[in-house]
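Note that the protein sequences, when read in sequence, are chains A and B.
Per the working numbering, the very first residue in the first sequence carries number 0; after that it's consecutive.
Per the working numbering, the very first residue in the second sequence carries number 30; after that it's consecutive.
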Amino acid sequence: MKIILIISLLFLSFNDILANELRWAADAEGNAPYIFQDPLTPDHLMGFEIDFINELSNILDRPSKFVQNQWDGLIPGLYRGDYDIAVNGLEITEDRKSAILFSEPYYITFARIVTLKNKPDFNSLSDLRNLKAGCLKNSLAERLLSSEPSVKTMSYEGEVNAFEDLKNGRLDAVLVDEPIAIYYASWNPEMKMTGQPVGKIYYGIALRNEDYTLLNDMNKAISLMKKSGILREVLERWNLWNDYMAEYCGDHTESVIEPDKYNYYIETQIKELSFEERIIRYLSFMPMIARAALMTVQLSVLSMMLAVVLGLFIAIVRLYAPVPISSLAVAYVEFMRGTPLLIQLFFIFYALPSIGVMLSPFLAAILGLGLNYAAYESENYRAGFNSVPRGQMEAALALGLTRKQALRHVVLPQAFRIVLPPITNDFISLLKDSSLVSVITLIELTKLYNQLSSTYFDYIGTGILISIVYLLLGFPFVKLSRNLERRLSDVVK
Amino acid sequence: MTNFNSKNTILSVRGLKKSFNDEHVLQGIDFMANKGEIVSIIGRSGCGKTTFLRCLNCLNILNEGEITIGEISLSSNDFSGQKNVDDYKKSDSLDNYLKDSMHFITNEQLQLKVHSIRQKVGFLFQNLNLFPHLSVLDNVMLPLKLVLDYKIDKARIEANELLKKVGMEKFADRDSSQISGGQAQRVAIARALAVKPDIMLYDEPTSALDPELVLEFIEIVRNLKHEGMTQIIVTHSLGLARNVSDSVAFMDKGIIVERANPQSLFDAPKDSRTKDYISKLLLN
Numbered sequence: 000m001k002i003i004l005i006i007s008l009l010f011l012s013f014n015d016i017l018a019n020e021l022r023w024a025a026d027a028e029g030n031a032p033y034i035f036q037d038p039l040t041p042d043h044l045m046g047f048e049i050d051f052i053n054e055l056s057n058i059l060d061r062p063s064k065f066v067q068n069q070w071d072g073l074i075p076g077l078y079r080g081d082y083d084i085a086v087n088g089l090e091i092t093e094d095r096k097s098a099i100l101f102s103e104p105y106y107i108t109f110a111r112i113v114t115l116k117n118k119p120d121f122n123s124l125s126d127l128r129n130l131k132a133g134c135l136k137n138s139l140a141e142r143l144l145s146s147e148p149s150v151k152t153m154s155y156e157g158e159v160n161a162f163e164d165l166k167n168g169r170l171d172a173v174l175v176d177e178p179i180a181i182y183y184a185s186w187n188p189e190m191k192m193t194g195q196p197v198g199k200i201y202y203g204i205a206l207r208n209e210d211y212t213l214l215n216d217m218n219k220a221i222s223l224m225k226k227s228g229i230l231r232e233v234l235e236r237w238n239l240w241n242d243y244m245a246e247y248c249g250d251h252t253e254s255v256i257e258p259d260k261y262n263y264y265i266e267t268q269i270k271e272l273s274f275e276e277r278i279i280r281y282l283s284f285m286p287m288i289a290r291a292a293l294m295t296v297q298l299s300v301l302s303m304m305l306a307v308v309l310g311l312f313i314a315i316v317r318l319y320a321p322v323p324i325s326s327l328a329v330a331y332v333e334f335m336r337g338t339p340l341l342i343q344l345f346f347i348f349y350a351l352p353s354i355g356v357m358l359s360p361f362l363a364a365i366l367g368l369g370l371n372y373a374a375y376e377s378e379n380y381r382a383g384f385n386s387v388p389r390g391q392m393e394a395a396l397a398l399g400l401t402r403k404q405a406l407r408h409v410v411l412p413q414a415f416r417i418v419l420p421p422i423t424n425d426f427i428s429l430l431k432d433s434s435l436v437s438v439i440t441l442i443e444l445t446k447l448y449n450q451l452s453s454t455y456f457d458y459i460g461t462g463i464l465i466s467i468v469y470l471l472l473g474f475p476f477v478k479l480s481r482n483l484e485r486r487l488s489d490v491v492k
Numbered sequence: 030m031t032n033f034n035s036k037n038t039i040l041s042v043r044g045l046k047k048s049f050n051d052e053h054v055l056q057g058i059d060f061m062a063n064k065g066e067i068v069s070i071i072g073r074s075g076c077g078k079t080t081f082l083r084c085l086n087c088l089n090i091l092n093e094g095e096i097t098i099g100e101i102s103l104s105s106n107d108f109s110g111q112k113n114v115d116d117y118k119k120s121d122s123l124d125n126y127l128k129d130s131m132h133f134i135t136n137e138q139l140q141l142k143v144h145s146i147r148q149k150v151g152f153l154f155q156n157l158n159l160f161p162h163l164s165v166l167d168n169v170m171l172p173l174k175l176v177l178d179y180k181i182d183k184a185r186i187e188a189n190e191l192l193k194k195v196g197m198e199k200f201a202d203r204d205s206s207q208i209s210g211g212q213a214q215r216v217a218i219a220r221a222l223a224v225k226p227d228i229m230l231y232d233e234p235t236s237a238l239d240p241e242l243v244l245e246f247i248e249i250v251r252n253l254k255h256e257g258m259t260q261i262i263v264t265h266s267l268g269l270a271r272n273v274s275d276s277v278a279f280m281d282k283g284i285i286v287e288r289a290n291p292q293s294l295f296d297a298p299k300d301s302r303t304k305d306y307i308s309k310l311l312l313n
């Protein structure tokens, strides 16, 4: 009953959305200058796209609400209806246009070659022949490089990894959108931007295909921002104004605005931290870590509860139901543990809404993890049941107990003792598997780790910190299970 | 043998046949027991003694014949339409371990019947099958609570009474896994008595007991006889059969060959098969 109550509350809070709100989505996983965590107050998000959205919401007179989603899921989430628009360096391409609507561009830029200071200048892509170049997946850079077959191309999920590989020599150059080059390479003493602008990239606001009214509003607002100079001001403060934008806005006047946001960011990056400052920074992570850890624990505990109950049911059906029904249980187990959890989560979150089943991210996560782990738990139970000697059931039946009573009072308690350690094992594993739910917009510990580590380029320190939190989270449950196990085995020698 | 009359008869079996796959274990058993009678069943291993007991308690389905216990009659016809899957010898594979006789009984009336027969018949398993996760007292309380629907307090009082009856009241709080074999047997008897059966079935009760403990067991059996309990003992022990039984039945290859009072059966067996078996038994 409690679970049903929690579930219905989730539905309520999810549907409780202000009608007028402009809900927009992006992935805040360290994407300077687009949207990223403020290095000094990591609890707070910043980025030129946030400033852009704020101006947009002023013009439209609609309060904006940020929705976090994994970059890959931005477009599916649009169709789920979790938000109205997606703004996150989404390049206007023909492929994407077939699935979604794009507003007029709010930013035009190009790709740029970045390499190490000690390497020669590369003027164009043809200079990269027979060399190794990195780029981002699904980017203009990737398409351009693929048309140069003599360049050995490596595609990356995130720019940070590409730059790391440039530094450690796996790559000779990186081809990225210019904003990324400005924010990762221009100030870096080891790197340089080199050569001519390559190609032309248009960033647009993504909308659902049928949303023409909203599209109209967006285009009007963008046009207004171009004319009034608001767009230029936003971009100049982030040091992103360029010739293409000057052309696009018809504004060729000299720049007068200080790139204060850019300077702020660079300052935080260049500064070497003392040990104390580092500790202070880690301490500043704590509220976020606490929130993410709570999310991780909530997800794991609730989905494990589902898995343990459902798993028991499946095991009993498998063992004690007549053949046609018990083979359904077998099929369930084989299907759920034979297919990837990630795909199951995607299915529940993005595919079910098309048949009218719309679950909140939290509920979808619990359902996805719980249904999947139920398959594993049912196998644990099965092993447990089978380890109870046959005579126990017979003795109970011979006493006149019904089959149900015999299962409940004689077989199950003995099976449970055997099942407890593997269930604890699975729970610890679930604690970490719960990180998969970041694909359906939830921020838990691993997602937070990705965000923090790519904001500060501090993979080791943040990694150790988050690992310790995972250890601490699992520990009480391990302890609890040990105690329970000891109590049970005191009885059963 | 002469004084069977329907007033006193509490158990009667007619034409009972039972086979596992192609193995015909019981080949037509006719058997009767009067109220308060103690019958020992002797015979070689594999002659069907244990299967006979299991059929009486519906732990195996009967293929043919009829069992009447008090007013309840169970005939092989009752099982028609039910899938016969009780081959417990065959079904020792892990997944099938619980698919015993009652597994596929979907007929509710039949289930009720089986259920009430099991309440009338107590069964002492050869390996006792105490519930290791429960204390001595809880082992006895479990059927009181679940089968007779006793409230906890009443069940506790009753269970302590039962333990006193078998001399185990001092061990009530022990874990059932921490008592000796003889003690465990007495607890198992107390547990079987909990649902107030009319008949007790014992499967080789003394095979694992020291001689002194055999005497204690005999004492319990005699006390129960005074209370009017009908008891059927499957045994290899000549001494036990001779000392407690009102009559002894000799089984061979799935039939009852001969039944008589202990003295006649052991001293002057009529059938040559009985003679042969008893002469070998005496050599031990």
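Virtual Cβ for every residue (Gly too), placed ideally from N, Cα, C.
Here the structure is a predicted model, which means the values were calculated and not measured.
Simplified DSSP state of Phe279 (chain B), which is helix, strand or coil: Strand at Phe279 (chain B).
Three-pair Cβ contact test at 8 angstroms for the stretch 442–460 of chain A versus the stretch 395–402 of chain A: Verdict: no, contact absent.
Near-chain A residues of the stretch 169–198 of chain B - C-beta to any C-beta below 7 angstroms: Answer set for the stretch 169–198 of chain B: Leu171, Pro172, Leu175 and Val176.
Under 8 angstroms between C-beta atoms of Tyr375 (chain A) and Asp432 (chain A): No, these two residues do not count as a Cβ contact at 8 angstroms.
Whole runs of the alpha helix (DSSP H) within the stretch 227–251 of chain A, excluding any shorter than 4 residues: With a minimum length of 4 residues, the continuous alpha helix (DSSP H) runs that stay inside the stretch 227–251 of chain A are 229–236 and 242–248.
Listed by chain order, chain B residues near Ala394 (chain A) by CB distance under 7 angstroms: What Ala394 (chain A) touches in chain B: Phe154 and Asn158.
Interface residues of chain B facing Ala374 (chain A) [CB-CB closer than 9 angstroms]: From the beta-carbon of Ala374 (chain A), no residue of chain B is found nearer than 9 angstroms; the closest lies around 17 angstroms away.
Burial state of Gln394 (chain B), where buried means 16 or more other Cβ atoms lie within 10 Å: Because chain B here runs from 30 to 313, residue 394 (chain B) falls outside it and cannot be looked at.
Coil, strand or helix - Met357 (chain A) by DSSP: Three-state DSSP puts Met357 (chain A) in coil, outside helix and strand.
Against chain A: residues of the stretch 214–231 of chain B by CB proximity under 8 angstroms: Result list: Arg220, Ala221, Ala223 and Val224.
Pairwise C-alpha distance: Glu248 (chain B) and Ser322 (chain B): The structure shown does not extend to residue 322 (chain B), since chain B spans only 30 to 313, so no value can be given for it.
Top-ranked residue by Cα proximity to Gly383 (chain A), from A:Ser123, A:Val300 and A:Pro421: Check the Cα spacing between Gly383 (chain A) and each of A:Ser123, A:Val300 and A:Pro421: the tightest is with A:Pro421.
C-beta contact flag for Phe101 (chain A) and Ile204 (chain A) at 8 angstroms: Against a cut-off of 8 angstroms, the Cβ pair of Ile204 (chain A) and Phe101 (chain A) comes out as a contact.
Option nearest Leu153 (chain B) by Cα separation, candidates B:Asp202, B:Thr235 and B:Asp305: Selected option, being the one with the closest Cα: B:Thr235.
Within-8 angstroms CB hit, Lys118 (chain B) to chain A: For Lys118 (chain B), the pLDDT reaches just 41, beneath the cut-off of 50, and the residue's location in the model is therefore unreliable, although a value from the coordinates is still provided. Look at Lys118 (chain B): its C-beta is not under 8 angstroms from any C-beta on chain A.
Contact with chain B by Leu419 (chain A), beta-carbon distance below 8 angstroms: Cβ-Cβ to chain B under 8 angstroms: no for Leu419 (chain A).
Glu52 (chain B), enclosing alpha helix (DSSP H) - first and last residue: Glu52 (chain B) -> not in any alpha helix (DSSP H); beta strand (DSSP E) instead, spanning Glu52 to Asn63.
Residues, ordered as in the chain, of the stretch 55–80 of chain A that lie near chain B by beta-carbon distance below 7 angstroms: From the stretch 55–80 of chain A, no residue has a Cβ closer than 7 angstroms to chain B.
Near-chain A residues of the stretch 81–108 of chain B - C-beta to any C-beta below 9 angstroms: Within the stretch 81–108 of chain B, the residues whose Cβ lies closer than 9 angstroms to some Cβ of chain A are Arg83, Asn86, Cys87 and Leu88, listed in chain order.
Contacting residues, own chain, Cβ-Cβ under 8 angstroms from Ser325 (chain A) (five flanking each side not counted): Contacts found: Val316, Arg317, Leu318 and Tyr319.
Per DSSP, cross-strand counterpart(s) of Asp176 (chain A): Paired residues: A:Ala110.
Ala24 (chain A) to Gly310 (chain A) span [Cα, whole Å]: Separation of Ala24 (chain A) and Gly310 (chain A) (C-alpha to C-alpha, rounded to the nearest whole angstrom) is 36 angstroms.
DSSP three-state assignment for Cys493 (chain A), whether helix, strand or coil: Chain A is shown only over 0 to 492; residue 493 (chain A) falls outside these bounds and no answer can be derived.
Residue from B:Gly99, B:Gln214, B:Ala223 and B:Arg220 whose Cα sits closest to the Cα of Asn340 (chain B): Because chain B is modelled from 30 through 313, residue 340 (chain B) falls outside the range shown and cannot be assessed.
Per-residue burial, Thr303 (chain B) [other beta carbons within 10 Å of its own, 16 or more giving buried]: Of the other Cβ atoms in all chains shown, 16 or more fall within 10 Å of the Cβ of Thr303 (chain B); this residue is therefore buried.
For Asp232 (chain B), the first and last residue of its enclosing beta strand (DSSP E): Ile228 to Asp232 is the span of the beta strand (DSSP E), which, as asked, contains Asp232 (chain B).
Buried versus exposed, by CB contacts within 10 Å (16 or more), Thr79 (chain B): Buried, by the Cβ-count rule.
Nearest residue (CA-CA) to Glu52 (chain B), options B:Asn156, B:Ser308 and B:Gly283: Checking every option, the nearest Cα to that of Glu52 (chain B) belongs to B:Gly283.
Interface residues of chain B facing Ala314 (chain A) [CB-CB closer than 8 angstroms]: From the beta-carbon of Ala314 (chain A), no residue of chain B is found nearer than 8 angstroms; the closest lies around 11 angstroms away.
DSSP three-state assignment for Lys403 (chain A), whether helix, strand or coil: Here Lys403 (chain A) carries a helix assignment [DSSP, helix/strand/coil].
Min CB distance Gln138 (chain B) to chain A below 8 angstroms: False, the Cβ-Cβ gap to chain A never drops below 8 angstroms.
Test: Leu400 (chain A) CB closer than 8 angstroms to a CB of chain B: Yes - at least one Cβ of chain B is within 8 angstroms of the one on Leu400 (chain A).
Limits of the alpha helix (DSSP H) - the one that Glu257 (chain A) falls within: No alpha helix (DSSP H) contains Glu257 (chain A), which DSSP labels as neither H nor E.
Closer than 8 angstroms at the beta carbon, the chain A residues around Arg147 (chain B): Against chain A, a Cβ distance below 8 angstroms from Arg147 (chain B) picks out Leu396, Ala397, Leu398 and Gly399.
Closer than 8 angstroms to chain B by CB, Gln36 (chain A): No, because no Cβ of chain B sits closer than 8 angstroms to the Cβ of Gln36 (chain A).
Other residues of its chain near Glu160 (chain B): CB distance less than 6 angstroms, five sequence neighbours each side excluded: For the record, residue 160 (chain B) in the displayed sequence is Phe; it is not Glu. Excluding positions up to five away in sequence, the list reads Asn168.
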